[in-house]
Amino acid sequence: YQYDPGLLGVAHEWNQSRANNALNDGRSPVIIDNTNLQAWEMKPYVKMALERGYKVDFCEPETSWKFDPLELEKRNKHGVPQEKIKQMMDRFSSPVSIDIIMSSEEPAHVNQRRWSEQQQNRKKPRFY
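Count along the sequence shown from 1, then add 3; that gives the number in my numbering.
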């Protein structure tokens, strides 16, 4: 596995599609194991779940090292470096609730970046 930040948008779309399929199939529980640092990042999942009548719970790790960037660097399977983990921790918003998440909005700069990524992906040749 090789982490590629340029494919983050594609990865999020893939994960949302998998969640949507699981919810449509009526599976329970459906666990979203993703960074979800800010409320707006959770919104697509929460919205899909609520639309299908699911109960939504928010869980965080109960480890003693969940806020230790050095230990997180050692343990993460994506090869995310300690400095990036520190940046992610700075962006982490807590507490979260359904109301907070559903009233959150994706920042304009993220929306613009996603549009730009989509345009670039359309230009790439596809091989099947």
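Positions of the beta carbon are idealized from the N, C-alpha and C atoms, including for glycine.
(request) Take the Cβ of I88 as the centre, count every other Cβ of all protein chains shown within 10 Å, and call the residue buried at 16 or more, exposed below. (result) Here residue 88 refers to the residue found at position 85 when the sequence shown is read from its first residue. With 16 or more other Cβ atoms within 10 Å, it is buried.
(message) E109 and K58 - do their beta-carbons sit closer together than 9 Å?
(response) The residue labelled residue 58 in the question sits at position 55 within the sequence shown. The residue labelled residue 109 in the question sits at position 106 within the sequence shown. Result no, Cβ atoms of K58 and E109 do not sit closer than 9 Å.
(request) Would you decide whether D36 is buried or exposed? Buried here means 16 or more other CB atoms lie within 10 Å of its CB. (result) For the purposes of this step, residue 36 is taken as the residue at position 33 of the sequence shown. D36 should be labelled exposed.
(request) Using the Cα positions of D28 and Q90, report the straight-line distance between them to the nearest angstrom. (result) Counting from 1 along the sequence shown, the entry for residue 28 is found at position 25. Counting from 1 along the sequence shown, the entry for residue 90 is found at position 87. Computed Cα separation, rounded: 36 Å.
(request) Specify the secondary structure class of Q41 as computed by DSSP and reduced to three states. (result) Here the question's residue 41 lines up with position 38 in the sequence shown. Coil.
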